[in-house]
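Quick mapping for you: the protein sequence lines, in order, are chains A and B. For any residue, its number in my numbering is found by taking its place in the first sequence, counting from 1, and adding 1305. For any residue, its number in my numbering is found by taking its place in the second sequence, counting from 1, and adding 1305. Cβ atoms here follow ideal geometry from the backbone N, Cα and C, with glycine treated the same way. Bear in mind the structure is a predicted one, so any value in this text is a computation, not a measurement. Beneath this line is the structure, given in structure tokens, with notes to follow.
Number of protein chains: 2
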Amino acid sequence: MDPTDSDIVRVFSLNCWGIRYMSKHCQQRYVMIGEMLSIEKHDIVLLQEVWSEKDFLFLKNKLSYTHPHSHYFKSGVIGSGLAVFTKYRIHDTFLYRYSLNGYPYMAHHGDWFGGKAVGMVILTIGGRTAHVYVTHLHAEYCREKDSYLPHRVVQAWELQQFIRHTSAGADLVIVGGDLNMHPQDLGNRLLRSYTALKDSYLETTLYAGCEDGVTLIANNPFINKKELGPFKTGIRIDYILFKGSSKIDIHCDAMSVTKGSVPNHPFPYSDHEALTSTLRLKSHQPDESGGDKETKHQDFTKEKLAELVNIVTEARTEVKVGLHCTERMRYTAARTGVMGLALLLLQLAIAAVPWLALGAEQPFPKTSFYLLALLCFAILLTTSLLYVFYTIELKCLQGAEDQMRLCVGHLQERLRGFPLAQPHNVLQCPLP
Amino acid sequence: MDPTDSDIVRVFSLNCWGIRYMSKHCQQRYVMIGEMLSIEKHDIVLLQEVWSEKDFLFLKNKLSYTHPHSHYFKSGVIGSGLAVFTKYRIHDTFLYRYSLNGYPYMAHHGDWFGGKAVGMVILTIGGRTAHVYVTHLHAEYCREKDSYLPHRVVQAWELQQFIRHTSAGADLVIVGGDLNMHPQDLGNRLLRSYTALKDSYLETTLYAGCEDGVTLIANNPFINKKELGPFKTGIRIDYILFKGSSKIDIHCDAMSVTKGSVPNHPFPYSDHEALTSTLRLKSHQPDESGGDKETKHQDFTKEKLAELVNIVTEARTEVKVGLHCTERMRYTAARTGVMGLALLLLQLAIAAVPWLALGAEQPFPKTSFYLLALLCFAILLTTSLLYVFYTIELKCLQGAEDQMRLCVGHLQERLRGFPLAQPHNVLQCPLP
């Protein structure tokens, strides 16, 4: 292959909202999605919320000619919902399940049961090794009082760790998915700053779609306008990110986002909009030193390093807030459990030693007595499970905070290594 | 740094058996371990089963001069037990929690509560990037009827995935820990074949220790001889593995394993023996093509590829056995749950509609009635939790099996790519 050849890779990403029997017109929408994908023939298709394996298999069957290679990532109780279809052969896959992902007792939110994760597939595109990631982060149900923020920040932390550490051998990196974060949200800044991934929407030459690149829009008939809150027209939470390497330059020639309706169809593909990025790959000439410049140790400018230190510090603060909340919840669970146990022991004592109840004018009604015992037992069991769950959550938060502290220390040390007198000194560019 | 310089790195690994108040002489042993480490001054110390953070902090304090850099990996309810101490600065860390790790109701085995994982730290050793891994896999409680085998095989699968995918940018890789697998066990072959990691014991020039490199030995006073079963003298389940890269050659000059006693002390450091490997690093001269040969796509000989296909197929079979067992257990949980529910509903019906019990000569004794209801309720709750747990286990096993199937397909394709007429054709060496 001529190293100066340039290739076009069309990447598609969609959150399919595929909860069987719950999401509106679920099956009809999968038929629409399958038809569109088989006509459009994107090179790489990254889907989220394909909660049912049957729907994945339906798409796999439908796309067997246009996208002969596919992978469905399994995780959690329901699944991770993540699927990849591509015309390139998949050599290898790897799944990282986020350590924190909501609470099982928040069943109406359902995130915990979904086993949110980031999946990686390794492809060869015209002789180049592409590491393609698909992910879906915990949803934001209430922006003003977002109790899942520490979880999402830890997910963003683990996502950037996973991408950084597994992409050292890649010629190009493509990330697509529903990050459930606005462009300037902490987790998003953390991800993009640390990995140097570029945002298709910000980098594209041509753009077709709603203003501000929004992917959850008021015009979508499946969207409840109230959920968008102050963001009247919509929010941007789905992304296609990319980066090249010392060997490959990538440019986003075009990006398009659907606008809440599909021609000749009564409803859109999903409650999220579909994203398509057209990426142009261009091989570098080997540099003058005669060898490939390695990018395994990402090099930042002094400004970028300082910004990163601030972002990781901000993330650390958010994790500490999460730690404080979880400690409080664990304490409440422990206290309630102890009270339940005390009440149960008291009841057992009353049952075993009748004179304890002698003072009562009437005997303790048996039905109430047993119902109370049942309640105590249920409290004891529930609080024990919660105590274990919160302890695991604490360990994960502490672990993430430890890693962040270590990284901040390392980044600050690198920052101190920059010469003082040259404020705009750039040793090496962030990425070629 | 002169690229032909050779460096010595001394690596230490020990499973500390550090269950506070349960493991014998726990605190005294930590004092012994701390003293030995501060005298021996190994370059990299990899510890497992440091279950209490207090003990980690004790060692951190004790080793603050000899090993100023350390990291403790947090996971699960108790912790991962994994700790690293080193004289080299730690730049970055990453933790991968194994998706399967026993059962929470097997509390006497305790593995589930430990949150078994593999931790990675990135160090710079004389200008070279070292990726150092420490891990501890699920214990084997009964070799003849090992119900945790599918879990351990999936852990070994995830371990090799994690090492392969995160070490592409490394100049050298060091792995230490308690794998809970004999040298020829499936998971061990899988790990070493796929990653091309070398075993210190097999590669060393000088060896000092018990015969066959055993690390769980009959001579250790903390070992119950019965647990060793037919392996009278002991078994080898702790390892220090390593590999170089296109830039670095590594050779194991010496390896030593303790022999169940410590001079001037009444008991050994742990129930496991301590391992020390002396690794010699030697930089390659840049090869003749003028650039670095990349090893991101590991190259195998035809024989190695065929062997790997067989091993992954064997692992896939083991995972399928696990799938079958888990499906059966989930079915049992579901059936028991339905029976509990039916009994509870019957009781409620008896309570609500008195004529249902009219046929009885005596009324249903109230105490028995309520105790039975309590039992039904407990059964219903337990089986529901078990059902959710087994469903998660099934997803993990299915996910691992999918990945293995994909890998076998890819490996077989590479195997077909080898010319037929040259049975000993070697395109590229396994690793420099």
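* Compute the distance between the beta-carbons of L1507/B and D1558/B, then report whether it is under 8 Å. => Taking C-beta atoms as the reference points, L1507/B and D1558/B fail to come closer than 8 Å.
* **Three-state secondary structure assigned by DSSP to C1557/B** => strand
* Using the beta-carbon of each residue, which ones in chain B are nearer than 7 Å to C1712/A? -> D1397
* Tell whether a beta-carbon distance below 8 Å holds between F1378/A and A1444/A. => no
* Name, going along the chain, the residues of the stretch 1356-1384 of chain A whose beta-carbon falls closer than 8 Å to a beta-carbon of chain B. => Answer in chain order: H1376, Y1377, F1378, K1379, S1380, G1381, V1382 and G1384.
* To do: Assign Q1708/B to one of two classes, buried (16 or more other C-beta atoms within 10 Å of its C-beta) or exposed (fewer than that).
  => buried
* Sorted by chain position, which residues of the same chain lie with C-beta nearer than 8 Å to A1412/B's C-beta, five sequence neighbours on each side aside? -> F1418
* To do: Please name the residue in E1578/B, S1328/B and H1347/B whose C-alpha comes closest to that of D1360/B.
  => If we check each option's Cα against that of D1360/B, S1328/B comes out closest.
* **Cβ pair count under 8 Å reaching 3, the stretch 1314-1327 of chain A against the stretch 1346-1365 of chain A** => yes
* Asked: Taking Cβ positions only, does K1671/B come closer than 8 Å to chain A?
  -> yes
* Exposure of P1535/A, with buried meaning 16 or more beta-carbon neighbours within 10 Å -> exposed
* Supposed contact pair H1456/B and L1405/B - C-beta distance, whole angstroms, cut 8 Å -> Under the criterion of beta carbons closer than 8 Å, L1405/B and H1456/B qualify as touching, at roughly 4 Å.
* Asked: So, helix, strand or coil for V1439/A, using DSSP?
  -> In this structure, DSSP gives V1439/A an extended state, which the three-state scheme calls strand.
* To do: Can you pull the chain B residues whose beta carbon is under 8 Å from the beta carbon of H1629/A, in chain order?
  => For H1629/A, there are no neighbours in chain B by C-beta distance under 8 Å, as the nearest C-beta there is about 17 Å away.
* For I1545/A, which residues does DSSP report across the bridge? -> Among the bridge pairs identified by DSSP, I1545/A is matched with G1481/A.
* To do: Could you tell me whether any Cβ in chain B is nearer than 8 Å to the Cβ of V1693/A?
  => yes
* Asked: Counting Cβ pairs, one atom from each stretch, are 3 or more of them under 8 Å apart for the stretch 1556-1574 of chain A and the stretch 1481-1493 of chain A?
  -> In the pairwise beta carbon analysis, the stretch 1556-1574 of chain A is classified as not touching the stretch 1481-1493 of chain A: fewer than three pairs are separated by under 8 Å.
* Asked: If we count Cβ pairs, one from each stretch, closer than 8 Å, do we get three or more for the stretch 1602-1614 of chain B versus the stretch 1431-1440 of chain B?
  -> no
* Asked: Under a CB-based cut-off of 8 Å, is W1322/A close to chain B?
  -> With its beta carbon at least 8 Å from every one in chain B, W1322/A lies outside the interface.
* Which residues, in chain order, does the stretch 1391-1420 of chain B contribute to contact with chain A at a C-beta distance below 9 Å? -> Cβ contacts with chain A: R1394, I1395, H1396, D1397, T1398, F1399, L1400, Y1401, R1402, S1404, P1409, F1418 and G1420.
* Between the stretch 1449-1464 of chain A and the stretch 1424-1435 of chain A, are three or more C-beta pairs nearer than 8 Å? -> no
* G1424/B by DSSP, collapsed to three states: which one? -> strand
* To do: Could you have a look at K1587/A and say whether DSSP puts it in helix, strand or coil?
  => strand
* **Where the beta strand (DSSP E) containing F1390/B begins and where it ends** => That run of the beta strand (DSSP E) goes A1388 to T1391.
* **Spatially closest choice to T1637/B from L1680/B, A1656/B, T1672/B and I1684/B, by CA coordinates** => I1684/B
* What's the C-alpha gap between L1533/A and D1483/A? -> 16 Å
* **According to DSSP, residues forming a beta bridge with H1374/A** => T1391/A
* Backbone CA spacing between K1598/A and H1589/B [nearest angstrom] -> Any reading at K1598/A must be qualified, since the residue scores a pLDDT of 41, below 50, and its modelled position is unreliable; no value is offered.
* To do: Could you spell out where the beta strand (DSSP E) holding F1383/A opens and where it closes?
  => According to the sequence shown, residue 1383/A is Ile rather than Phe. Neither: I1383/A is in no beta strand (DSSP E) and is coded neither H nor E.
* To do: Give the residues of chain A in contact with T1471/B, contact being defined as C-beta atoms less than 7 Å apart.
  => H1470 and T1471
* Simplified DSSP assignment, three categories, for F1317/A -> strand
* Backbone secondary structure at G1627/B - three-state DSSP -> helix
* Beta bridge counterpart(s) of S1582/B as assigned by DSSP -> V1316/B and M1560/B
* Three-state secondary structure (DSSP) of D1490/B -> coil
* To do: Taking only heavy atoms of the ligand FMN into account, decide whether any of them is closer than 7 Å to the Cβ of L1680/A.
  => Although the ligand FMN was asked about, the structure shown includes no ligands whatsoever.
* Asked: Per DSSP, which one or two residues make a beta bridge with A1513/A?
  -> S1561/A
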